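Undergrad: Sharing a structure with you now.
In this note's numbering, the protein residues as written are 2 to 56.
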């Protein structure tokens with residue numbers, strides 16, 4: 002498959018705008034939270050650790 006330069010949004014040395022970079026940073030932070038919190042909730046639920054707070 003042949004790629005043209007016009008297919009790229011940013012080149013190697015290009016810098017995105019502050020707005021675009023902020024959205025990308027927020028997306029990465031939220032993805033990190035999902036990757037950290039979800040396994041903790043699943044493992045805690047399997048071990049019955051959530052029941053401590055229900056009583």
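Heads up, the beta-carbon is just placed ideally off N, CA and C, and yes, glycines get one too. As the structure is a computational prediction, the values presented were derived from the model and not from experiment.
Suppose the cutoff is 8 Å on Cβ atoms and the five residues either side in sequence are ignored; what does the same chain contact list for residue 11 look like?
TA: One-based indexing of the chain shown puts residue 11 at position 10. Answer for residue 11: 17, listed in chain order.
Undergrad: Excluding the five sequence neighbours on either side, which residues of its own chain have a C-beta within less than 6 Å of the C-beta of residue 14, listed in chain order?
TA: Counting from one through the chain shown, the residue named residue 14 turns up at place 13. Cβ within range, chain order: n/a, list empty.
Undergrad: Just reading off the alpha helix (DSSP H) that residue 20 is part of, what are its end residues?
TA: By one-based count along the chain shown, residue 20 stands at place 19. 19-47 is the extent of the alpha helix (DSSP H) around residue 20.
Undergrad: Look at the Cβ atom of residue 36, then the Cβ atom of residue 45, and state whether they are nearer than 8 Å.
TA: Against the chain shown, residue 36 aligns to sequence position 35. Against the chain shown, residue 45 aligns to sequence position 44. No, they are not a contact pair.
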